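K.L.:
The opening residue of the sequence shown carries number 5 in the working numbering; numbering runs sequentially from there.
C-beta: ideal position from N, C-alpha, C; glycine also.
Quick caveat: nothing in here was measured; it's all calculated off a predicted structure.
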Amino acid sequence: MIGLANFLAYGLGYFLICGEAEAIHGRVEPADGQVLYYLAGREDAVGRAVFVYSGIHSISIWPTFAAVMLAMLTLAKDRIVLSMRKAVVRGRAVITIVAVIIVIVGIFWTYRFTRRFAQHMRTAAAPAVQVTGDK
5 MIGLANFLAY GLGYFLICGE AEAIHGRVEP ADGQVLYYLA GREDAVGRAV FVYSGIHSIS
65 IWPTFAAVML AMLTLAKDRI VLSMRKAVVR GRAVITIVAV IIVIVGIFWT YRFTRRFAQH
125 MRTAAAPAVQ VTGDK
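So this is what it looks like as structure tokens:
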């Protein structure tokens with residue numbers, strides 16, 4: 005239920021932000037002593053709070069996805085086992101393989117989104133370098 009609630013909040017959040025704008029594929033640009041935050045799919049800058057919300061919620065979708073898929077697999081396990089009694093690969097083996105794939109995919113994308121968001125936040129925290137003509 006928590007996973008489904010997170011998906012609902014994700015959809016609602018992006019509706020309120022106006023479209024499929026997200027921080028993970030957005031950009032951070034230091035400019036004139038301030039930092040501008042741009043969500044992917046939007047040309048106008050947004051506030052830091054919206055950018056951080058977008059990034060964290062985008063990251064949270066992947067573990068939620070894995071949890072929902074594992075829950076669905078658990079609910080279907082008896083039916084899978086019964087339907088694969090005479091198959092070359094037994095139902096329990098299939099369940100284990102699919103569960104491992106789900107976990108790997110969830111970890112991989114959570115890591116990728118977290119790493120990308122951390123890069124954006126490091127860019128925002130880095131002091132702007134001013135270029136002058138003096139040596």
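Report the CB separation of G59 from I28 in whole angstroms; it is logged as a contact under 8 angstroms.
P.N.:
Right, their Cβ atoms sit about 6 angstroms apart.
K.L.:
Assign R46 to one of three DSSP states: helix, strand, or coil.
P.N.:
Residue state, collapsed to three classes: coil.
K.L.:
Let me make sure I understand the geometry here. Which of R46, F69, R94 and R116 has the alpha-carbon closest to that of N10?
P.N.:
When only C-alpha atoms are compared, the closest one is F69.
K.L.:
Note down, in chain order, each residue of its chain lying with its Cβ closer than 8 angstroms to the Cβ of V72, except the 5 sequence neighbours on either side.
P.N.:
Answer for V72: G7, L8 and F11, listed in chain order.
K.L.:
Thinking just about the alpha-carbon of each residue, which of S87, I106 and L86 is nearest to the one in P67?
P.N.:
Ranking S87, I106 and L86 by Cα distance to P67 puts I106 first.
K.L.:
With burial defined as no fewer than 16 other Cβ atoms inside 10 Å of the residue's Cβ, what is the status of A49: buried or exposed?
P.N.:
Buried, because 16 or more other Cβ atoms sit within 10 Å of the Cβ of A49.
K.L.:
Any idea which residues DSSP pairs R31 with across the strands?
P.N.:
Y42, per the DSSP bridge assignment.
K.L.:
Less than 8 angstroms between the CB atoms is what I'm expecting for I63 and F121, so what's the real figure, rounded?
P.N.:
The pair is a contact, with the Cβ atoms about 6 angstroms apart (cut-off 8 angstroms).
K.L.:
My guess is that L74 and A103 are in contact by the Cβ rule of under 8 angstroms, so how many angstroms apart are they, rounded?
P.N.:
That belief holds up - the Cβ atoms of L74 and A103 are roughly 6 angstroms apart, short of 8 angstroms.
K.L.:
For D82, which three-state DSSP category applies?
P.N.:
If DSSP states are grouped into helix, strand and coil, D82 belongs with the helices.
K.L.:
Roughly how many angstroms separate the alpha carbons of Y18 and V109, rounded to a whole number?
P.N.:
Spanning the two alpha carbons is a distance of roughly 23 angstroms.
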